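Counting in my numbering, the sequence shown runs from 0 upward without gaps. By construction, the Cβ of each residue, glycine as well, lies at the ideal position given by its N, Cα and C atoms. These numbers were taken from a predicted model, which means no experiment stands behind them. Notes follow once the structure below has been shown.
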Amino acid sequence: MELHSKDTLLLASAGTGKTYQLSAHFVGLLLQGVTPERILATTFTRKAAGEILDRVLQRLVEVATDDRAAAELSGLLG
Numbered sequence: 000m001e002l003h004s005k006d007t008l009l010l011a012s013a014g015t016g017k018t019y020q021l022s023a024h025f026v027g028l029l030l031q032g033v034t035p036e037r038i039l040a041t042t043f044t045r046k047a048a049g050e051i052l053d054r055v056l057q058r059l060v061e062v063a064t065d066d067r068a069a070a071e072l073s074g075l076l077g
C-alpha cells in the first residue's frame, strides 16, 4: 500500500485495508482543521463510496467518544 502526503493517493490491492486507511486519513484531516469541502475521496463504485462514507462516520463517532480510538488515530497519522 502506498500513501503520499499533501495530495494523497492510496494504491493497494483488494483486502489490504484501503477503506480503513482512507477513513483514518480523512478523519485526521478533519481533526487538523481541514474542512470537508477541501477533501476529495473517490472510488470506482457507489457501493465502495457508501462503505467509505460509513467508515468515516463510524471513525468520527469512535474518536468523539473513545480516548483510545483517538490515540490510535493519532498514532496512525504520526
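Which same chain residues end up closer than 7 Å to residue i when comparing Cβ atoms and leaving out the 5 residues on each side of it in sequence?
i: A68; result: E61 and V62
i: L2; result: Legend: pLDDT at L2 = 45, less than 50; position of this residue unreliable, no value from coordinates given.
i: I51; result: T18, L21, S22, A40 and T42
So, at 6 Å on beta carbons, what are the nonlocal neighbours of residue i in its own chain, with the 5 sequence-adjacent residues on each side left out?
i: A48; result: T42
Along the alpha helix (DSSP H) that carries residue i, what are the first and last residues, could you check?
i: L21; result: K17 to L30
i: G81; result: One cannot answer for residue 81 here, as it falls past the ends of the chain, which runs 0 to 77.
Where does residue i land, buried or exposed, given buried means 16+ other C-beta within 10 angstroms?
i: A23; result: buried
i: V55; result: buried
i: R37; result: exposed
i: R58; result: buried
Considering only residues of the same chain and omitting the five flanking positions on each side of residue i, which have a CB-CB separation below 8 Å?
i: T7; result: H24
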